[in-house]
Amino acid sequence: MCGIIGYTGKKNAVSVILEGLKRLEYRGYDSSGIAFFHDKGIEVRRCTGKIKDLGALLEADKPFSHTAIGHTRWATHGRPSEENAHPHRSDGIVLVHNGIIENYLPLKRRLIDEGYKFTSETDTEVLCHLIEKYSKDYPLEDAVREALKEVRGAYAFAVINEREPGKVVGVKKDSPLVVGLGNGEFFLASDVPAFLNYSRDVIFLDEGEMVVMTDDGVIVTTLDGSPIQKEVKSVSWSPSMAEKGGYRHFMLKEIYEQPRAIADTLRGRIYPESGEVNLDEFGINEKDLEEIDKVFIVACGTSWHAALVGKYMIEEFARVPVDVDIASEFRYRNPILRHGNLLIAITQSGETADTLAAQREAKRLGAKVLSICNVVGSTSTREADAVFYTHSGPEIGVASTKAFTTQIIGLYLFAVALGRLKGTIRDDLVKELIRELLLLPGMVEKVLATDEEVGRIAKELFKADDFLYLGRGINYPIALEGALKLKEISYIHAEGYPAGEMKHGPIALIDEELPVVFLAPKGRLYEKVISNIEEVRSRGGKVISITNEGDTEVCTLSDHCIFVPETNPFLSTILMTVPLQLFAYHTGVLKGCDVDQPRNLAKSVTVE
Ligand code: AGP
0 MCGIIGYTGK
10 KNAVSVILEG
20 LKRLEYRGYD
30 SSGIAFFHDK
40 GIEVRRCTGK
50 IKDLGALLEA
60 DKPFSHTAIG
70 HTRWATHGRP
80 SEENAHPHRS
90 DGIVLVHNGI
100 IENYLPLKRR
110 LIDEGYKFTS
120 ETDTEVLCHL
130 IEKYSKDYPL
140 EDAVREALKE
150 VRGAYAFAVI
160 NEREPGKVVG
170 VKKDSPLVVG
180 LGNGEFFLAS
190 DVPAFLNYSR
200 DVIFLDEGEM
210 VVMTDDGVIV
220 TTLDGSPIQK
230 EVKSVSWSPS
240 MAEKGGYRHF
250 MLKEIYEQPR
260 AIADTLRGRI
270 YPESGEVNLD
280 EFGINEKDLE
290 EIDKVFIVAC
300 GTSWHAALVG
310 KYMIEEFARV
320 PVDVDIASEF
330 RYRNPILRHG
340 NLLIAITQSG
350 ETADTLAAQR
360 EAKRLGAKVL
370 SICNVVGSTS
380 TREADAVFYT
390 HSGPEIGVAS
400 TKAFTTQIIG
410 LYLFAVALGR
420 LKGTIRDDLV
430 KELIRELLLL
440 PGMVEKVLAT
450 DEEVGRIAKE
460 LFKADDFLYL
470 GRGINYPIAL
480 EGALKLKEIS
490 YIHAEGYPAG
500 EMKHGPIALI
510 DEELPVVFLA
520 PKGRLYEKVI
530 SNIEEVRSRG
540 GKVISITNEG
550 DTEVCTLSDH
560 CIFVPETNPF
570 LSTILMTVPL
580 QLFAYHTGVL
590 KGCDVDQPRN
600 LAKSVTVE
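According to numbering that gives the first Met the number 0, the sequence shown holds residues 0 to 607 in order.
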């Protein structure tokens, strides 16, 4: 997620913006920039790298201004570069943006036809030119209103106009934007930490609200211009708490961000009416897709668990055989790949050495490579033939949570698109699968509401020495993921296992001390999971079940039950995952572990 900040007031806006950008660094970024009014108009300075590099650009002339905007960029469209860095400019209009303009391509084509010159690969620049176009006939706030009538997507932005010194206009839709009220000075930012040193009096803008900041004060309106009386909240957070949005840890914040991360990953990629998936984002043309006769998926850790889920989806929807490999094993097994095969590399960071080596091996053998990745411009994405970005925003916690669930979304979209292209999936089923996808963010919100109950269970079980996680079919990888989350966050030994396989050995572990977590959604393996639960209970094992709302049968057989909404078996994997993430989190906290930076772990394993 990008970070934006705006200021107007008595202080030197350049210093306030630079400090604010430093406060937003935790959000992750690859470039930054600032725009400030001075006697000859508006000046823009920007660069790749860190805020200190931007500071160095200002060191020479130490500019002073009363009004400025700034930006830290987390790339979603267009690689990290100075041209793609914000602020963007169109004549006298200068803008910084956080979000995704879904319909930027058709708007860009039209604006080019109207004579606008584009200097970046970003979606944001479209917004800048649109506002400039209308600013010829309207004051800035009305030009923004006119421009937004043509825009679809998620945005929080701050914009200034050379012809209106001292004014900053901001709008919020699907991305966060807050206003800080100082004494004769006003702040606009993605997040409270940006101005917490100057003010704790905050207006949290809601969907579709606009703020106009001038020396005279702050006016908040709806997008059609109706004034709104907003409550001013006093924020008591420490700067560290503020960076986590009020959550105790980044991991918890990122678990709670999953509804938005899923919505952002879907944005602009599906057409619900026709049930089509927008393949542009994958960057593989339909002819190459139709040629695919075998898929290999390689990944490490949590991403490998997503790969295992992807196998079920692709084989079910597209009837194409899928091999899944742990990346560090793949290139040493002398794999048989050739032209017509597709290798999918799944990697949150895009820098995992084993995954990079695997995708290079696949390319050497003549296969095409698709990277499913969360970091724009990372090595995996630069070396792949095609990329699907999971727009989950920077994942700060070492344990992967929102990246994992959005990886599953990427695989689901790919599997549906491939099946539709190969004619192996009926149109009516495609529409149903897409419809259920659109309902998913709301379903995840409902699962997050079990957080307190999960915390209670963790309080009862956190002293256990071992855990067993059991799942069948597509939920076996989720059992593996639940076990990994617990291991890496709480340092308790845990093992994920196919539920049907338990009686071939691990059943010897069952006793009153061993908590066994079952993934037991409705579906064609439900009865078999019930039998496995009974096998554990009859040996005195402690059973914790994740099951569907209203399922009393599983509950009577379990010591603890967490309910999740019912959906198709493929998306159900995401609903099954969230309680396991929460359980690992609470257990780790109860054990006094550093849940954001667990011992021995790195966020990206860039060595073999
Ligand atoms: C996830 O919780 C782990 N921290 C780790 O297994 C991670 O998934 C693995 O290192 C792969 O990382 P990547 O997705 O960035 O390639």
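Note that CB positions come from ideal geometry on N, CA and C, so glycine has one too.
Measure the Cβ-Cβ separation of residue i and residue j and say whether it is below 8 Å.
i      : j      : result
Tyr25  : Met250 : no
Val577 : Val446 : yes
Thr213 : Lys166 : yes
Met0   : Asn97  : yes
Pro505 : Ile543 : no
Pro320 : Lys293 : yes
Tyr468 : Ala493 : yes
Ala153 : Ile4   : no
Thr351 : Ala326 : yes
Val375 : Leu581 : no
Thr264 : Ser379 : no
Thr220 : Ala298 : no
Pro497 : Arg471 : yes
Ser273 : Ser603 : no
Glu145 : Tyr137 : yes
Gln257 : Val516 : no
Lys401 : Glu290 : no
If residue i sits next to residue j, beta carbons under 8 Å apart, how far is it from one beta carbon to the other, in whole angstroms?
i      : j      : result
Gly244 : Asp190 : 7 Å
Gly27  : Ile395 : 7 Å
Ser131 : Gly8   : A small fix is needed here, since residue 131 is Glu in this sequence, not Ser. Glu131 to Gly8, Cβ: 26 Å. No contact.
Phe281 : Ala385 : 5 Å
Thr47  : Ser14  : Thr47 to Ser14, Cβ: 22 Å. No contact.
Ile261 : Thr123 : No, Ile261 and Thr123 are not in contact; Cβ-Cβ is about 22 Å, not under 8 Å.
In terms of alpha-carbon separation, which member of the options lies closest to residue i?
i      : options                           : result
Ser119 : Gln257, His87 and Ile100          : His87
Asn340 : Leu355, Thr346, Ala361 and Ile325 : Ala361
Phe329 : Glu161, Tyr311 and Leu355         : Leu355
Ile111 : Ile283, Ile99 and Val125          : Val125
Glu435 : Thr423, Leu412 and Glu149         : Leu412
Ser237 : Arg199, Leu265 and Gln257         : Arg199
Tyr6   : Arg45, Leu53, Phe186 and Phe117   : Phe186
Asp90  : Ile218, Thr423 and Lys135         : Lys135
Asn11  : Gln257, Thr66, Phe295 and Pro597  : Thr66
Phe562 : Ser233, Trp73, Pro138 and Ala448  : Ala448
Ser235 : Ala482, Leu195 and Ile254         : Leu195
Leu417 : Asn277, Glu242 and Glu548         : Asn277
Arg318 : Ala84, Lys458 and Ala414          : Ala414
Val397 : Gln596, Lys107 and Gly77          : Gln596
Can you give me the Cβ contacts of residue i inside the same chain, cut-off strictly under 7 Å, excluding the 5 residues immediately before and after it?
i      : result
Ile335 : none
Thr71  : Cys1, Gly2, Leu20, Leu23, Glu24, Arg26, Tyr28 and Ser31
Gly587 : Ile488, Ser489 and Val594
Thr572 : Val308, Ile407, Ile473, Asn474 and Ile477
His37  : Pro62 and Ser64
Val608 : Residue 608 lies beyond the range of the chain shown here (0 to 607); nothing can be said about it.
Within its chain, find whatever has a CB closer than 6 Å to the CB of residue i; leave out the 5 residues flanking it on each side and keep chain order.
i      : result
Ala34  : Ile41, Val43, Ile68, Pro86 and Val93
Asn102 : Arg151
Leu176 : Ala155, Gly169 and Leu204
His559 : Ile456 and Ile543
Glu511 : Gly539
Lys232 : Val201
Asp450 : Leu581
Ile269 : Val276 and Ile433
Please report whether the beta-carbon of residue i lies at a distance below 8 Å from any beta-carbon of chain B.
i      : result
Pro138 : Structure shown: chain B not included; a single protein chain is present.
Leaving out five residues on either side along the sequence, give the residues of the same chain with a beta carbon under 8 Å from the beta carbon of residue i.
i      : result
Ile529 : Ala519, Glu552, Val553 and Leu556
Gly499 : Arg471, Lys527 and Asn531
Leu437 : Leu265, Ile269 and Pro271
Query raised in the report: Which residue spans inside the segment 362-438 form an unbroken alpha helix (DSSP H) run of at least 4?
Result: 378-382 and 401-421
Requested in this report: Let me know the beta strand (DSSP E) ranges lying completely inside the segment 457-506, each 3 residues or longer, listed in chain order.
Outcome: 465-470 and 492-497
Report task. Report the residue ranges of all beta strand (DSSP E) runs contained in full by the segment 283-309; include only those spanning at least 3 residues, in chain order. Result -> 293-298
Query - Every unbroken alpha helix (DSSP H) within the segment 172-196, with a cutoff of 4 residues, ordered by chain - result: none
Report task. Could I get the ranges of all uninterrupted alpha helix (DSSP H) runs contained in the segment 312-336, with 4 residues as the minimum, in chain order? Result -> 326-329
Query raised in the report: Mind pulling the beta strand (DSSP E) runs of 3 or more residues that sit fully within the segment 556-603?
Result: 559-563
**Report entry** Whole beta strand (DSSP E) elements within the segment 60-123, 3-residue minimum
**Finding:** 66-72, 87-89 and 92-100
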